[in-house]
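The structure under discussion appears below in the form of structure tokens.
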Amino acid sequence: HCDENGDFRCDKSFKHKWDYTVFFSRTDFEMRRDTTSTEEISLKFSDYHGPLNLVFSKSSKYIDCIFYCEILRAACRYYYGAIDGLRRPPYKDELADRLYIQAMRGIDVNNSYNGFFQGYSSLNSRPYIRIYRDNLYEGRRPSSGIYWTTIHELAHSAHWKQNKILGISPETKVMESFATGIAWYLTKKVHPTYFRPYSSTYTGIVQDLLDNDGYKWNTSIPETVSGFSIAEIEESVIGAVTWNQWADNIVSLYPYNPTISDVYNLFTIW
Numbered sequence: 001h002c003d004e005n006g007d008f009r010c011d012k013s014f015k016h017k018w019d020y021t022v023f024f025s026r027t028d029f030e031m032r033r034d035t036t037s038t039e040e041i042s043l044k045f046s047d048y049h050g051p052l053n054l055v056f057s058k059s060s061k062y063i064d065c066i067f068y069c070e071i072l073r074a075a076c077r078y079y080y081g082a083i084d085g086l087r088r089p090p091y092k093d094e095l096a097d098r099l100y101i102q103a104m105r106g107i108d109v110n111n112s113y114n115g116f117f118q119g120y121s122s123l124n125s126r127p128y129i130r131i132y133r134d135n136l137y138e139g140r141r142p143s144s145g146i147y148w149t150t151i152h153e154l155a156h157s158a159h160w161k162q163n164k165i166l167g168i169s170p171e172t173k174v175m176e177s178f179a180t181g182i183a184w185y186l187t188k189k190v191h192p193t194y195f196r197p198y199s200s201t202y203t204g205i206v207q208d209l210l211d212n213d214g215y216k217w218n219t220s221i222p223e224t225v226s227g228f229s230i231a232e233i234e235e236s237v238i239g240a241v242t243w244n245q246w247a248d249n250i251v252s253l254y255p256y257n258p259t260i261s262d263v264y265n266l267f268t269i270w
């Protein structure tokens with residue numbers, strides 16, 4: 001294990017050579033290459049006496065590792081880092097095995113997705129997410145975009161975990177708006193200038209519940225809602241199947257919020 005700078009130090013001396021193994025998985029998630037690999041991604045360097053100086057650059061044969069590191073950074077943040085009281089994605093001991101992440105070295109040629117989450121299905125005994133390195137518009141996507149997509153898909157897995165307990169399946173607008181909001185919230189802490197536009201399904205409801213700028217995002221439409229925490233917003237989405245139920249949950253859970261009277265209006269304009 002390296003420190004946060006990627007440095008490893010060993011003060012011992014050894015009679016024989018040793019191996020270095022670099023893993024892109026952790027205790028609770030496993031990273032795989034594309035859709036065909038059945039083994040986790042790792043690099044092994046054998047027969048070393050001294051330090052391993054390894055650089056992942058676009059001019060080296062380890063260019064794919066940059067992509068894996070981008071995913072790993074976001075996944076470690078969501079699983080183990082500071083996330084202001086949000087629920088974590090599913091841990092290994094909550095599943096049949098670790099959640100696995102398919103690091104897709106290309107584009108989704110069928111639907112132009114940047115990422116994808118799949119819960120249990122007839123073909124899969126554990127949930128997985130896919131993160132695409134490229135898309136049709138940007139070519140190779142920036143690190144900030146990979147980070148955003150990884151957070152977004154892991155937010156789906158965290159939401160799915162709660163829905164599975166309750167036995168519900170929320171409508172698409174609820175699921176995508178929640179995951180979009182979590183991706184915006186956590187990505188801006190690391191990549192403060194990165195932003196992805198909202199839409200009628202991938203709405204900016206979470207941002208507008210948090211900010212106090214007085215307007216619906218990127219419009220002149222007034223809205224006065226503010227003062228909720230990100231953990232409160234997550235709490236309100238649990239158990240909500242429809243868009244209106246999500247609004248109902250907020251109003252019933254947090255009547256003390258001084259802007260609560262405008263919540264229904266905010267949900268309506270989105």
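With our numbering, the residue at position 181 of the sequence shown is 181, and numbering never jumps.
Backbone N, C-alpha and C define an ideal beta-carbon position, used for all residues, glycine too.
Residues bridged to residue i [DSSP beta-bridge criterion]
| i | result |
| --- | --- |
| D134 | R140 |
| R33 | A103 |
| R26 | F29 |
| Y128 | Y100, Q118 |
| Y20 | F45 |
| P222 | Y215 |
Residue closest to residue i, alpha-carbon to alpha-carbon, out of the options
| i | options | result |
| --- | --- | --- |
| I168 | G139, G119, R73 | G119 |
| G50 | Y80, I71, C10, M31 | C10 |
| T149 | F228, A240, R73 | R73 |
| S125 | P192, Y100, Y48, C2 | Y100 |
| F29 | K15, N135, P90, S121 | P90 |
| L52 | K17, I63, A82 | K17 |
| G6 | V55, E153, P255, K173 | V55 |
| T187 | Y198, S220, I151, T203 | I151 |
| R88 | Y78, E94, S143, M175 | Y78 |
| N111 | Y132, A75, E94 | Y132 |
| S143 | Y185, V109, I66 | I66 |
| A75 | S60, D47, D84, S25 | S25 |
| P258 | V241, W243, L209, I221 | L209 |
| E39 | E94, R98, E4 | R98 |
| R130 | V241, M31, D262, D248 | M31 |
| L95 | R140, G239, I165, A240 | I165 |
| M175 | V241, Y194, F195 | V241 |
| I63 | R140, D93, S121 | R140 |
| T193 | G145, A155, S200, S199 | G145 |
| N135 | S121, D108, A155 | D108 |
Residue i and residue j closer than 8 angstroms at C-beta
| i | j | result |
| --- | --- | --- |
| S37 | F23 | no |
| Q162 | G181 | no |
| T27 | K44 | no |
| E223 | N265 | yes |
| D211 | S226 | yes |
| Y147 | V190 | yes |
| F293 | S177 | With the chain represented from 1 up to 270, any question about residue 293 goes unanswered, as that position is not in the structure. |
| T219 | K173 | no |
| Y128 | Q102 | yes |
| E153 | G106 | no |
| I250 | K216 | no |
| E234 | L253 | no |
| S59 | D19 | no |
| A183 | H159 | no |
| V237 | W243 | no |
| A221 | F267 | At residue 221 the sequence reads Ile, which differs from the Ala that was named. For I221 and F267, no; Cβs fall outside 8 angstroms. |
| D3 | M104 | no |
Opening and closing residue of the beta strand (DSSP E) in which residue i lies
| i | result |
| --- | --- |
| F117 | 115-118 |
| G211 | Per the sequence shown, residue 211 should be read as Asp rather than Gly. Run containing D211: none; DSSP gives neither H nor E here. |
| F45 | 42-48 |
CB contact below 8 angstroms: residue i versus chain D
| i | result |
| --- | --- |
| Y48 | In the displayed structure, chain D is absent; only one protein chain is listed. |
Range covered by the alpha helix (DSSP H) that runs through residue i
| i | result |
| --- | --- |
| K189 | 172-190 |
| Y198 | Note, Y198: premise wrong, no alpha helix (DSSP H); not H, not E. |
| T268 | 263-269 |
| A75 | 63-80 |
| V251 | 243-253 |
| I83 | It is not in any alpha helix (DSSP H) - I83 carries neither H nor E in the DSSP assignment. |
| S236 | 230-237 |
The ligand GDP heavy atom lying under 7 angstroms from the CB of residue i
| i | result |
| --- | --- |
| K161 | Looking for the ligand GDP in the displayed structure turns up nothing, as the structure carries no ligands at all. |
Checklist entry - For the region 88-113, which segments carrying the beta strand (DSSP E) assignment without a break, of at least 3 residues, lie completely within its bounds, in sequence order? => result 99-104
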